[in-house]
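Let me begin by presenting the structure, written as structure tokens, before commenting on it.
In our numbering, the protein residues as written are 161 to 544.
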């Protein structure tokens, strides 16, 4: 045993702050389980472990059950686990793993096959010795029933107990076993014929240092971040995407965006829009119920993709104008009959002056068209 001055005891956790991966290590030997945390900042905060169907996940021969483990010293302890259990579904189990090394460990659990039973076993190189296998409830339960389990270790003496309410405890087994412990934690398991199930763990306590206010609800003030996206003319730009704190919103027809349920802090914001350069800024929220941020363009440089689209459109327009002008525009000095196009006369293609003058018209129209298209695109501006 480790001297008390140097001991690392089991650490209590009520999971109210989510999954503490500084304390816990997720172990998923089969690589198909899902770990999660739910109910953060509520009175029902859990660690959730989901085991899939159609394959066995059990600390028995291969120790392949998904589990959460923390490092401890080889010390005496009493730990308690609260399980929100699915003790009405066949071939599910959940409980403690107390580990020396790979393949060498102790298992304490509640499991349901045709009946609900408590079990304890010791494993040496994955070879099991059953220490306890007692009936808890014949036929199990018809709905989810929360149950609690305790393991008391006093040097080499081990005791398993369980309870429905945390007050009245039933001793399930006690036995003697010498072990050099290095880790402790909890697991979820099933057999191959079980459908996918999620098992919820409410807390893991070292009873020498329990968390008295389990799952406290911390009052949090929520605020709204909102504002507008403008162009350089002061007009709102619709359809701009604003990314903030892992989520996003699109500005409406007036350029307005809104993020509710924000808490105090500094959040990186990124604003994006078609034909705009991206803009980023750290937005600080500190004690206000709503704070508007007006993001305004500062540049009119277009990105390369938009420029390419403009050039293609201009080329198409140039070709169209070239054909249209040569066929339909009035050129002074040309002598042909009136056409239907606005009373203009057609070009006499045998007259070289007509080609020269039509070419000048094409250039003027193309230049005006280019200026007009670029003006439209530029007026949407870059978001800044």
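Heads up, the beta-carbon is just placed ideally off N, CA and C, and yes, glycines get one too.
Treat the numbers as computed from the prediction; the structure is a model and nothing was measured.
Quiz item: Under a three-way DSSP split, which group does residue 393 fall into?
Solution: Taking the chain shown and counting its residues from 1, one reaches residue 393 at position 233. Secondary structure at residue 393: coil, using DSSP grouped into helix, strand and coil.
Practice problem: Kindly indicate which three-state DSSP category residue 443 falls into: helix, strand or coil? | Solution: Residue numbering aside, residue 443 sits at position 283 when the chain shown is read from its first letter. Looking at residue 443 - three-state DSSP - the assignment turns out to be strand.
Self-check item: Assigned secondary structure, residue 187 (DSSP; H/G/I helix, E/B strand, else coil)
Solution: Position 27 of the chain shown, counted from the start, is the residue given in the question as residue 187. In the structure shown, residue 187 sits in a strand (DSSP, three-state: E or B).
Quiz item: Which parts of the stretch 315-369 are runs of the beta strand (DSSP E), unbroken and 3 residues or longer, counting only runs that do not cross its ends?
Solution: For the stretch 315-369, whole beta strand (DSSP E) runs of length 3 or above, ordered along the chain, are 317-323, 330-336, 343-350, 357-366.
Quiz item: Which two residues bound the contiguous beta strand (DSSP E) that contains residue 278?
Solution: The sequence position of residue 278 within the chain shown is 118, counting from 1. First-last of the beta strand (DSSP E) with residue 278: 276-284.
Quiz item: In three-state terms, what does DSSP make of residue 294?
Solution: In the chain shown, the residue the question calls residue 294 occupies position 134. Correct three-state label for residue 294: strand.
Practice problem: Taking all protein chains shown into account, decide if residue 279 is buried (16 or more other Cβ within 10 angstroms of its Cβ) or exposed. | Solution: In the chain shown, the residue the question calls residue 279 occupies position 119. Counting Cβ neighbours within 10 Å, residue 279 comes out buried, since at least 16 surround it.
Quiz item: Per the contact definition of three or more C-beta pairs closer than 8 Å, is the stretch 194-206 in contact with the stretch 261-277?
Solution: no
Quiz item: residue 168 to residue 323, Cα distance in whole Å?
Solution: Here residue 168 refers to the residue found at position 8 of the chain shown. Here residue 323 refers to the residue found at position 163 of the chain shown. Each residue's alpha carbon lies about 27 Å from the other.
Quiz item: Considering residue 374, what are the terminal residues of the beta strand (DSSP E) in which it resides?
Solution: Taking the first residue of the chain shown as 1, we reach residue 374 at position 214. Premise fails: residue 374 is in no beta strand (DSSP E) and is neither H nor E.
Quiz item: So, using beta-carbon positions, are residue 351 and residue 216 closer together than 7 Å?
Solution: If you number the chain shown from 1, residue 351 lands on position 191. If you number the chain shown from 1, residue 216 lands on position 56. Using a Cβ distance threshold of 7 Å, residue 351 and residue 216 count as a contacting pair.
Self-check item: Spatial neighbours of residue 405 in its chain, beta-carbon cut-off 6 Å, leaving aside the 5 residues before and after
Solution: Counting from 1 along the chain shown, the entry for residue 405 is found at position 245. Excluding positions up to five away in sequence, the list reads 427.
Quiz prompt | Rounded distance between the beta-carbons of residue 415 and residue 445, thought under 8 Å | solution = Along the chain shown, read from residue 1 onward, the residue named residue 445 stands at position 285. Along the chain shown, read from residue 1 onward, the residue named residue 415 stands at position 255. No, residue 445 and residue 415 are not in contact; Cβ-Cβ is about 21 Å, not under 8 Å.
Self-check item: 7 Å Cβ cutoff met for residue 363 and residue 174
Solution: As a position in the chain shown, residue 363 is number 203, starting the count at 1. As a position in the chain shown, residue 174 is number 14, starting the count at 1. Yes, these two residues count as a Cβ contact at 7 Å.
Quiz item: Less than 7 Å separating the beta-carbons of residue 232 and residue 189?
Solution: On the chain shown, position 72 is the one that residue 232 refers to. On the chain shown, position 29 is the one that residue 189 refers to. Cβ atoms of residue 232 and residue 189: not closer than 7 Å.
Practice problem: Identify every residue that forms a DSSP beta bridge with residue 229. | Solution: Here residue 229 is taken as the residue at index 69 of the chain shown, counted from 1. Per DSSP, 185, 345.
Quiz item: Taking the alpha carbon of residue 329 as the point to measure from, which residue in 337, 340, 361, 311 has its own alpha carbon closest?
Solution: Here the question's residue 329 lines up with position 169 in the chain shown. Closest by alpha carbon: 311.
Practice problem: Identify the continuous beta strand (DSSP E) that holds residue 170 and give its terminal residues. | Solution: Residue mapping note: residue 170 aligns to position 10 of the chain shown, counting from 1. Under the DSSP assignment, residue 170 falls outside any beta strand (DSSP E); it carries neither an H nor an E label.
Self-check item: For residue 305, three-class secondary structure by DSSP
Solution: Locating residue 305 in the chain shown gives position 145, counting from the first residue. In the three-state scheme derived from DSSP, where H, G and I count as helix and E and B as strand, residue 305 is classed as coil.
Quiz item: Should residue 203 go down as buried or exposed, given a rule of 16 or more other Cβ atoms within 10 Å for buried?
Solution: Translated into positions along the chain shown, residue 203 becomes position 43. Looking at its Cβ environment, which holds fewer than 16 other Cβ atoms inside 10 Å, residue 203 is exposed.
Quiz item: So, residue 227 versus residue 207, is the Cβ gap smaller than 7 Å?
Solution: Along the chain shown, read from residue 1 onward, the residue named residue 227 stands at position 67. Along the chain shown, read from residue 1 onward, the residue named residue 207 stands at position 47. Result no, Cβ atoms of residue 227 and residue 207 do not sit closer than 7 Å.
Practice problem: Note the first and the last residue of the continuous beta strand (DSSP E) segment covering residue 426. | Solution: Walking along the chain shown from the start, residue 426 turns up at place 266. It spans 425-432 - the beta strand (DSSP E) in which residue 426 sits, taken as one unbroken run.
Quiz item: By a C-beta neighbour count over all protein chains shown, 10 Å radius and 16 as the cutoff for buried, is residue 355 buried or exposed?
Solution: Working through the chain shown from its first residue, we reach residue 355 at position 195. Exposed.
Quiz item: If we call anything under 7 Å between Cβ atoms a contact, is residue 252 one with residue 357?
Solution: Sequence index remark: in the chain shown, residue 252 carries index 92 (1-based). Sequence index remark: in the chain shown, residue 357 carries index 197 (1-based). In this structure, residue 357 lies closer than 7 Å to residue 252 by Cβ.
Quiz item: Among residues of its own chain, excluding the 5 on either side of residue 368, which ones have a beta-carbon nearer than 8 Å to its beta-carbon?
Solution: Along the chain shown, one-based indexing puts residue 368 at 208. Counting only Cβ-Cβ distances below 8 Å, and skipping sequence neighbours, we find 169, 237, 238.
Quiz item: Using a Cβ-Cβ cut-off of 8 Å (strictly less than) and excluding sequence neighbours within five positions of residue 399, which residues of its own chain qualify?
Solution: Sequence index remark: in the chain shown, residue 399 carries index 239 (1-based). For residue 399, where only same-chain residues beyond five positions count, the Cβ hits under 8 Å are 410, 411, 433, 434.
Quiz item: So, using beta-carbon positions, are residue 375 and residue 242 closer together than 7 Å?
Solution: Locating residue 375 in the chain shown gives position 215, counting from the first residue. Locating residue 242 in the chain shown gives position 82, counting from the first residue. Result no, Cβ atoms of residue 375 and residue 242 do not sit closer than 7 Å.
Quiz prompt | Expected contact under 8 Å - CB spacing of residue 334 and residue 317 to nearest Å | solution = To locate residue 334, count along the chain shown from 1; it is residue 174. To locate residue 317, count along the chain shown from 1; it is residue 157. That belief holds up - the Cβ atoms of residue 334 and residue 317 are roughly 7 Å apart, short of 8 Å.
Quiz item: At what residue ranges does the stretch 253-278 contain a whole run of the beta strand (DSSP E), taking only runs of 3 or more?
Solution: 264-272
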